[in-house]
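End of the sequence shown = 815 in the numbering used here, gap-free, step of one.
Ideal Cβ placement from N, Cα and C applies to all residues, glycine included.
Structure, as structure tokens:
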Amino acid sequence: MKLSIYISCLLIPLLIFFLEIPTSKQINHKRNLNNFHSFHPNHDNHSFGMRLRKLPGKLSEVYAPVFVKPAPGNEATIVGLTHDSLRIFYINSPGAADRMMSITSADGGLTWGDPKMEFNLPHQGAYGNQVIKDHNGELHCVFLVQGEGNGGYRGRLDNIWYSHTNRQRNEWATPEEIFHGYVGALRGFIQLKGGRLLLAFAKAVPEWEKVPPKGIADYGWNEIISLYSDDGGKTWKHSKNGMKVVSQSGKTTRYGGIEPAILELKNGKIWMLIRTNSGYLYESYSVDGGKSWQQPRPTKFISSNSPAAILRLRDNRIVIFWCSDQCWDNPHSYADGGRQVLHTAISNDEGKTWRGFREVLIKIEGNIPHHGDFGVSYSSAVETADGKIALISGQGAGKAIVLFDPDWLEQRSDNDDFSKGIVQWTMFGGDSVTKLSILPNMRDKKALLIRKSANKKDLNTEAVWNFPMASKGELILKIRKNMGSRGINVALSDHFSTCDDTMANKHAVFVFSVPGTNKTWEKSDNDMTIEVRWSIRNRKASLYLNNQLIKIASIQRHPNFGINYLRVGIPGDKEDLSGYYIKSVNSVTK
Numbered sequence: 226m227k228l229s230i231y232i233s234c235l236l237i238p239l240l241i242f243f244l245e246i247p248t249s250k251q252i253n254h255k256r257n258l259n260n261f262h263s264f265h266p267n268h269d270n271h272s273f274g275m276r277l278r279k280l281p282g283k284l285s286e287v288y289a290p291v292f293v294k295p296a297p298g299n300e301a302t303i304v305g306l307t308h309d310s311l312r313i314f315y316i317n318s319p320g321a322a323d324r325m326m327s328i329t330s331a332d333g334g335l336t337w338g339d340p341k342m343e344f345n346l347p348h349q350g351a352y353g354n355q356v357i358k359d360h361n362g363e364l365h366c367v368f369l370v371q372g373e374g375n376g377g378y379r380g381r382l383d384n385i386w387y388s389h390t391n392r393q394r395n396e397w398a399t400p401e402e403i404f405h406g407y408v409g410a411l412r413g414f415i416q417l418k419g420g421r422l423l424l425a426f427a428k429a430v431p432e433w434e435k436v437p438p439k440g441i442a443d444y445g446w447n448e449i450i451s452l453y454s455d456d457g458g459k460t461w462k463h464s465k466n467g468m469k470v471v472s473q474s475g476k477t478t479r480y481g482g483i484e485p486a487i488l489e490l491k492n493g494k495i496w497m498l499i500r501t502n503s504g505y506l507y508e509s510y511s512v513d514g515g516k517s518w519q520q521p522r523p524t525k526f527i528s529s530n531s532p533a534a535i536l537r538l539r540d541n542r543i544v545i546f547w548c549s550d551q552c553w554d555n556p557h558s559y560a561d562g563g564r565q566v567l568h569t570a571i572s573n574d575e576g577k578t579w580r581g582f583r584e585v586l587i588k589i590e591g592n593i594p595h596h597g598d599f600g601v602s603y604s605s606a607v608e609t610a611d612g613k614i615a616l617i618s619g620q621g622a623g624k625a626i627v628l629f630d631p632d633w634l635e636q637r638s639d640n641d642d643f644s645k646g647i648v649q650w651t652m653f654g655g656d657s658v659t660k661l662s663i664l665p666n667m668r669d670k671k672a673l674l675i676r677k678s679a680n681k682k683d684l685n686t687e688a689v690w691n692f693p694m695a696s697k698g699e700l701i702l703k704i705r706k707n708m709g710s711r712g713i714n715v716a717l718s719d720h721f722s723t724c725d726d727t728m729a730n731k732h733a734v735f736v737f738s739v740p741g742t743n744k745t746w747e748k749s750d751n752d753m754t755i756e757v758r759w760s761i762r763n764r765k766a767s768l769y770l771n772n773q774l775i776k777i778a779s780i781q782r783h784p785n786f787g788i789n790y791l792r793v794g795i796p797g798d799k800e801d802l803s804g805y806y807i808k809s810v811n812s813v814t815k
């Protein structure tokens with residue numbers, strides 16, 4: 226890893242904290258991420274983003290998302306028990322996959338105990354499980370058991386089994402199969418206010434496995450249905466109708482609509498969010514407690530081909546989790562857009578309006594071997610007794626336990642001066658010569674040095690910053706240009722794309738390019754202020770350099786909610802090893 230030519234050898238020990246230098250100990254750590262006992266309590270050797278944020282010693286001090294430790298299993302479920310007690314349920318896989326396991330926290334999620342077996346599975350299980358606590362304090366668990374036979378997907382079965390606790394969670398009942406077929410994952414299991422247990426999922430339809438002839442709509446090979454029980458899980462009934470979503474052609478997969486998440490609204494309707502490959506989440510509603518469902522329709526939430534999760538807080542605010550990720554220069558990218566970043570938003574009016582759209586978890590950076598699914602998707606969250614949110618999400622090496630305060634999502638502004646490192650920036654695919662540095666002649670003052678190397682000369686983004694979503698707002702960047710700098714590129718967007726996505730700026734909302742030959746840029750002092758003001762209603766954005774209007778940009782694409790991403794880089798297709806420093810950045814909602 227090359228060090229900046231501006232950094233003296235005396236500062237190398239300081240920079241090791243910010244640069245990912247893979248020692249043998251770290252390499253072994255990554256290889257053992259699937260072994261729960263090998264996990265370091267709260268560090269994963271990350272080089273940027275929220276995983277660098279220090280874990281507070283007290284739950285009351287948690288505010289912005291903080292990485293607690295790697296999660297014990299894929300597609301796990303977190304449940305609040307009593308007061309500060311939380312429990313995570315997961316299948317012992319990789320491994321025999323024959324037990325439902327759990328770990329418990331007695332302090333609201335800051336620390337976790339050793340794994341414990343909850344019950345044996347009837348046969349080898351898959352990852353999927355959902356656990357809820359009912360109105361009487363008992364637990365209900367649905368999980369997947371693998372098999373072979375007809376009625377599934379290409380001879381494969383993932384049947385749904387069910388169990389529940391008795392005597393105030395002191396024992397589990399013998400599991401029973403409640404659905405026979407192929408179910409890829411379980412994401413939607415709730416108890417309604419009236420006591421009904423409701424489970425929504427997508428099942429494979431063998432007759433839909435083949436792509437239909439040209440001219441006939443392709444709905445993939447899955448149909449969404451629901452099961453419900455009005456007697457505490459003794460018997461289960463099927464919904465009256467199923468749902469299907471058109472599968473977009475030319476994508477990596479043709480699942481159709483799958484992995485629904487559900488929530489009961491105040492008016493009694495059930496709201497469902499559906500994973501699709503269309504670039505957006507879809508939604509459906511039920512007005513009869515899940516007995517029947519309306520035809521799915523697109524939401525306004527940009528999403529990769531990944532599932533959502535929904536949480537109701539005690540004060541009735543709603544929080545959603547999803548991957549608002551897109552990969553524009555690779556139509557065959559993993560999950561049709563990627564799972565590098567998990568986002569979250571909050572609503573206090575039953576989903577009519579949303580705020581936040583913040584990064585709550587990022588995947589582990591680096592070339593880590595993947596066996597199966599990976600990234601930050603498949604979320605489960607619960608509100609702690611202190612009003613924080615405990616989140617578990619991710620698959621493979623990226624799975625994590627996270628804590629944050631839901632009020633953080635209500636922020637209307639944010640700022641960063643790099644005093645805590647690169648905890649607010651995501652730099653997946655970024656240039657190796659762009660990194661945290663020390664400002665020349667300013668001891669201990671950290672800044673983000675933006676540069677472009679020859680092997681990244683075709684890129685226009687070197688770093689990405691997420692801030693509170695705003696339809697009208699202002700960004701203020703304090704920068705210091707270096708002699709020979711080729712200028713600055715600024716793009717504003719409403720979703721995440723990696724730094725090395727060569728098409729991302731073409732799909733941004735506003736884009737500005739100020740080359741180094743710009744007269745104002747050339748004549749300005751090295752230290753300067755860049756302001757970007759935008760209004761989605763007016764379809765315009767303006768860029769000011771030291772209070773002088775430089776450019777006005779017209780909207781490239783109308784966003785559904787506003788702007789929540791800043792992408793900064795260097796214009797042109799030539800290397801720039803001089804570049805500029807970002808000393809601070811500030812966002813304000815107008």
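Check residue i in the structure and name its three-state DSSP category.
i, result
"N772", "coil"
"L244", "Bear in mind that a pLDDT of 32 at L244, under 50, signals an unreliable position, so the model cannot answer this."
"H720", "coil"
"E800", "coil"
"N730", "helix"
"K200", "Outside the shown range of the chain, which is 226 to 815, sits residue 200, and nothing can be said about it."
"M275", "helix"
"S809", "strand"
"G621", "helix"
"L306", "coil"
"D632", "helix"
"K588", "coil"
"N680", "helix"
"I795", "coil"
"I647", "coil"
"P266", "The pLDDT assigned to P266 is 42, lower than 50, so where the model puts this residue is not dependable; a value taken from the coordinates is nonetheless given after this. It is coil, neither helix nor strand."
"I492", "According to the sequence displayed, residue 492 carries Asn and not Ile. N492: coil per DSSP, three-state reduction."
"R782", "coil"
Here's the rule: buried if 16 or more other CB atoms are within 10 angstroms of the residue's CB, otherwise exposed. What is residue i?
i, result
"N730", "buried"
"R412", "buried"
"N530", "buried"
"G562", "buried"
"N257", "Bear in mind that the predicted position of N257 carries a pLDDT of just 31, short of 50, making it too unreliable to give a figure here."
"D383", "buried"
"V810", "buried"
"T659", "buried"
"P319", "exposed"
"H783", "exposed"
"G482", "buried"
"N447", "buried"
"N260", "Caution applies to N260, whose pLDDT of 35 falls short of 50 and renders its modelled position unreliable; the value that the coordinates give is listed next. Exposed is the call here."
"L702", "buried"
"V607", "buried"
"T578", "exposed"
"N789", "buried"
"S812", "buried"
"M667", "exposed"
Could you check how far apart the C-beta atoms of residue i and residue j are, in whole angstroms? I think they sit under 8 Å.
i, j, result
"G338", "L311", "With a Cβ gap of about 11 Å, G338 and L311 do not count as contacting."
"G300", "I415", "A small correction: the amino acid at residue 300 is Glu; Gly does not occupy that position in the sequence shown. About 17 Å separates the two Cβ atoms, so there is no contact after all."
"L422", "H365", "6 Å"
"D801", "R711", "4 Å"
"S618", "F546", "7 Å"
"A533", "S605", "Not really, about 12 Å apart at Cβ, beyond 8 Å."
"R564", "C548", "5 Å"
"G646", "T814", "With a Cβ gap of about 25 Å, G646 and T814 do not count as contacting."
"V470", "P521", "5 Å"
Mind checking which residues open and close the beta strand (DSSP E) that includes residue i?
i, result
"K358", "350-358"
"H568", "566-572"
"M342", "341-345"
"E508", "505-511"
"W496", "495-500"
"P319", "No beta strand (DSSP E) contains P319, which DSSP labels as neither H nor E."
Tell me which residue opens and which closes the alpha helix (DSSP H) that residue i is part of.
i, result
"E747", "744-748"
- Message: If we require 3 or more residues per run, which beta strand (DSSP E) segments fall completely within the region 389-436?
- Response: 401-404, 413-416, 422-429
- Query: Of all the beta strand (DSSP E) runs that stay within the bounds of the region 527-561, which reach a length of 3 or more residues?
  - Reply: 534-537, 543-547
- Every unbroken beta strand (DSSP E) inside the region 653-678 [3 residues or more]: 660-663, 671-677
- Message: Extract the residue ranges of the beta strand (DSSP E) inside the region 435-475, only unbroken runs of 3 or more that lie entirely within it.
- Response: 447-454
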